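In terms of our numbering, the sequence shown opens at residue 8 and continues consecutively.
Written below as C-alpha cells is the structure these notes are about.
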Amino acid sequence: MTELTTRWLGLDLRSPLVVGASPLTDDLEALKACVGAGAGAVVMHSLFEEQLVAEQMAAHHFIDSRINMDAEARSFFPESDVFEMGSGSYLKRLDLLQDALDVPVIASLNGISSGGWTQHARELEDAGAAAIELNLYDLAMDPSDTAATLEQRQLEVVRSVVEQVTIPVSVKLSSFYSALPAFVAGVEAAGARGLVLFNRFYQPDMDLDELELSREVVLSSNAELPLRLHGMAMLFNRTGLEMAASGGVHSGDDATKAILSGATVVQLVSALLVEGPSALGRITGELNQRLSTMGYRNLAEARGALSLDNAPNAGAWERLNYARLLHGWQSVQ
Ligand SMILES: Cc1cc2nc3c(=O)[nH]c(=O)nc-3n(C[C@H](O)[C@H](O)[C@H](O)COP(=O)(O)O)c2cc1C
Numbered sequence: 008m009t010e011l012t013t014r015w016l017g018l019d020l021r022s023p024l025v026v027g028a029s030p031l032t033d034d035l036e037a038l039k040a041c042v043g044a045g046a047g048a049v050v051m052h053s054l055f056e057e058q059l060v061a062e063q064m065a066a067h068h069f070i071d072s073r074i075n076m077d078a079e080a081r082s083f084f085p086e087s088d089v090f091e092m093g094s095g096s097y098l099k100r101l102d103l104l105q106d107a108l109d110v111p112v113i114a115s116l117n118g119i120s121s122g123g124w125t126q127h128a129r130e131l132e133d134a135g136a137a138a139i140e141l142n143l144y145d146l147a148m149d150p151s152d153t154a155a156t157l158e159q160r161q162l163e164v165v166r167s168v169v170e171q172v173t174i175p176v177s178v179k180l181s182s183f184y185s186a187l188p189a190f191v192a193g194v195e196a197a198g199a200r201g202l203v204l205f206n207r208f209y210q211p212d213m214d215l216d217e218l219e220l221s222r223e224v225v226l227s228s229n230a231e232l233p234l235r236l237h238g239m240a241m242l243f244n245r246t247g248l249e250m251a252a253s254g255g256v257h258s259g260d261d262a263t264k265a266i267l268s269g270a271t272v273v274q275l276v277s278a279l280l281v282e283g284p285s286a287l288g289r290i291t292g293e294l295n296q297r298l299s300t301m302g303y304r305n306l307a308e309a310r311g312a313l314s315l316d317n318a319p320n321a322g323a324w325e326r327l328n329y330a331r332l333l334h335g336w337q338s339v340q
C-alpha cells in the first residue's frame, strides 16, 4: 500500500483526491459520501465578482434608482438564476459544510479586477474556510487590452485577495498564457501558495436548428488531461507553488499521471457528476494499486518523477519532439 496522505497549502490531507469546485457544494449527502469514500478536501463552487459587486450596489439602492438603465448597463448584472447563492448564503453553506465534513473546506472566489469585492475573502476566512481558491477566468475580448495589461490586472487581483487573508490562497489558471512560467512567477510573487491547473474554457456550441448559441456545460473526458500534465511537468521544481491538477481525471491511472507530472493534489468534478461519489472510492483504490505496483511508498516519491526535470526521456515534453512526431507520423490504416 502507498501512503496517500499529503500536505496541500499547509493543510494535512488524508488523500490527494479532492472534490473540485462544482454544484456538489449544494449536495451535502453527496459530499459526505465523497468524504466517506476518501476525499482529502472539498472545494466549494465559486462566489463571483459580478455577484458580489451587484450585491454591494443593491445595498446602496443603486439598482432601484436605475431601474430604467439601458440594456447594455443591465447586462453587466448577473442573471439571478445563474447566481442563486448570495454571499450570505455562501457563508452559511461554508459553515454547514465545515460542521458536517471532517476534511478541510476550501472556498472559491472568481474574479478578474481588483476592487472592493476582494474584501469578501476576509469573510470567508472568518467563516472558517481552510484556504481560498481564486479563479481567474478571463476572456480577452477588447483589442486595446494587451496580454501585459491583462496579466498585470490579474496579478493585482491575486495581490488584493492575498492581502485580505492569513489563510493560504491558490490560483486557478487558464492554460492560455503565452509565457506560463513567467506568469506563474508573478502569481508566486503576489503571495499565492498554490496553482490549480487548469480552468476549462467553456465554449458555447451552436444550435443550427434554432440558429442560436447553446450553453450547456459539456463534462470532461480524460482527453483533457495531457494539457494539464504538460503544464505541471514544465513547472515542477521551477516554481515554489504547489500544484493541483484539475481537468480530465477519471481514473486512478489519470491521477497517477497527474502526480508523476508534479501534482500535489488531484481534483475531481466530471467523474463525480457522471458516476456519483462512488467514483472517489474507485479512483482511490486504483491510484493506490498503481502506485504500490510501481513501488512508491508515498506520494512524495512519485511526485514529479516524469516531469521535465526528472523524466528519462524528458525531451518528449519539448518542442523538438513535436517536429519528430510530425515527421514520423504514419497512418494506422
Ligand atoms: C457544472 C460545473 C460547475 C462548475 N463550477 C465551478 C465553479 O463554480 N468554480 C470553479 O472554479 N470551477 C467550476 N467548475 C470547473 C471544475 O472545478 C473543474 O475545473 C472542471 O470541471 C475540470 O475538472 P473535471 O475534468 O474533473 O470536470 C465547474 C464545473 C462544472 C462541470
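Ideal placement from N, C-alpha and C gives every residue a C-beta, glycine not left out.
Note that the structure is a prediction, hence the values are computed from the model and not measured.
Check, Outcome
"Cutoff 6 Å; reference N244; Cβ partners in own chain excluding five residues on either side", "D316"
"The beta strand (DSSP E) enclosing V203, as first and last residue numbers", "201-204"
"Residues of its chain near Q274, where Cβ-Cβ distance is below 6 Å and the 5 sequence neighbours each way are ignored", "V25, G27, A251, S253"
"Three-state secondary structure (DSSP) of W336", "coil"
"Nearest candidate by alpha-carbon position, reference V178, set A154, D109, L141", "L141"
"Three-state class that DSSP yields for M239 in the structure shown", "helix"
"DSSP beta-bridge partners of D19", "R14"
"Proximal residues to S82 (C-beta, below 6 Å), its chain only, five neighbours per side dropped", "Bear in mind that the predicted position of S82 carries a pLDDT of just 40, short of 50, making it unreliable; the figure below should be weighed with that in mind. If we look at S82 and ignore the five residues flanking it on each side, it has no Cβ neighbours."
"For V50, the nearest candidate out of E56, V42, G238 (CA to CA)", "V42"
"In chain order, each alpha helix (DSSP H) run of at least 4 residues that lies wholly inside the region 124-186", "127-133, 154-171"
"Distance cut-off 7 Å: G283 Cβ against heavy atoms of ligand 1", "no"
"Straight-line Cα distance separating Q210 from L220", "10 Å"
"As assigned by DSSP and simplified to three states, the class of N117", "strand"
"Under 8 Å between C-beta atoms of L16 and E195", "no"
"Sub-8 Å separation of A147 and I113 beta-carbons", "no"
"In DSSP terms, what M250 is bridged to", "L202"
"Integer-rounded CB distance, given that L306 should sit under 8 Å from A13", "The amino acid occupying residue 13 in the given sequence is Thr; Ala does not appear at that position. Indeed they touch by this definition, with Cβ atoms about 5 Å apart."
"Coarse secondary structure for Y329, derived from DSSP in three states", "helix"
"With 16 other Cβ atoms within 10 Å as the buried cut-off, status of R222", "exposed"
"Residues sharing a beta bridge with V49, DSSP", "V26, V112"
"The region 164-177 / the region 127-135 touching (three or more Cβ pairs under 8 Å)", "yes"
"Residues that DSSP places opposite F55 in a beta bridge", "N117"
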